[in-house]
Amino acid sequence: ESLVSLADQAKMPGLLEAGFVVQANDEFHRISDRIRDEVGSLDSKRIEFEWGEWLKGSVKKINLEKG
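Okay, so the sequence shown: first residue is 697 according to the working numbering, each after it adds one.
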């Protein structure tokens with residue numbers, strides 16, 4: 697849902713292509729695993745926040761590479 701919203705906002709439908717979706721999913725799981733290791737359980741709010749920050753940073757990086 698977050699990825700679809702961001703793709704619409706940024707007018708970047710390419711974010712919904714398989715390559716980026718797989719990358720975003722992998723990062724979500726890496727963040728989840730790291731947080732579980734740090735605190736002993738999954739903290740969904742923290743995971744969502746950190747993944748959202750990663751996602752925004754990735755979009756900025758893509759835009760800079762295009763520019």
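Note that beta-carbon positions come from the ideal geometry of N, C-alpha and C, so glycine has one too. None of the values given here were measured: they were computed from a predicted structure.
For residue 706, there is no enclosing alpha helix (DSSP H), since its DSSP letter is neither H nor E.
Selection 751, 755 and 762 evaluated against residue 724 yields 751 as nearest (Cα-Cα).
The C-beta distance from residue 699 to residue 720 rounds to 6 Å, short enough to meet the 8 Å contact threshold. In this model, residue 746 and residue 707 are separated by some 22 Å (Cα to Cα).
DSSP, reduced to helix, strand and coil, places residue 712 within a helical segment of the structure shown.
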